[in-house]
Amino acid sequence: MPSIAVANFSEQGQDMVIVIMDKAFAQANPNLQEATIGQLQARSNACGLKGTVALVWDVGGRMDYLVPQPWHDFFHSITLEDVRARLNAEIRW
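Just so it is clear: in the sequence shown, position 75 is 72 by our numbering, and no numbers are missing.
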């Protein structure tokens, strides 16, 4: 059964399911990126995880992200290492 590790936590009253993507994800077209979020959100919900899916990836040693606009300040303040340290759940399908 395929699975992907996620960081599932609440920050500033917002429930998040953060998925670390391969750096090639940055090159995907926006439609594919949005479809990926939708698929992972559905799988996350099916697994009983609470929160909105947020995607992060490495870009030359720094973290880039695809997250709701109100979360940008928070994601700008953390690193991929911070996310890796908080991996605590899995999405399985």
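C-beta atoms are modelled at their ideal positions from N, C-alpha and C, and glycine is treated no differently.
Taking the alpha carbon of residue i as the point to measure from, which residue in the options has its own alpha carbon closest?
i          : options           : result
residue 46 : 24, 52 and 38     : 38
residue 65 : 2, 14 and -1      : 14
residue 68 : 34, 55, 85 and 10 : 10
residue 58 : 20, 2, 32 and 12  : 20
residue 40 : 81, -2 and 83     : -2
If you run the structure through DSSP and keep just helix, strand and coil, what is residue i?
i          : result
residue 64 : coil
residue 19 : coil
residue 24 : helix
Our contact map puts residue i next to residue j with C-beta atoms below 8 Å; I'd like the distance itself, whole angstroms only.
i         : j          : result
residue 7 : residue 89 : At roughly 22 Å, the Cβ-Cβ gap does not stay under 8 Å, so residue 7 and residue 89 are not in contact.
For the beta strand (DSSP E) containing residue i, list its first residue and its last residue.
i          : result
residue 86 : 86 to 89
residue 52 : 49 to 56
residue 0  : 0 to 8
Report yes if the C-beta distance between residue i and residue j is below 8 Å; otherwise report no.
i          : j          : result
residue 53 : residue 34 : no
residue 63 : residue 30 : yes
residue 16 : residue 86 : no
residue 32 : residue 61 : no
residue 48 : residue 12 : yes
At which residues does the alpha helix (DSSP H) containing residue i begin and terminate?
i          : result
residue 32 : 27 to 43
residue 81 : 77 to 82
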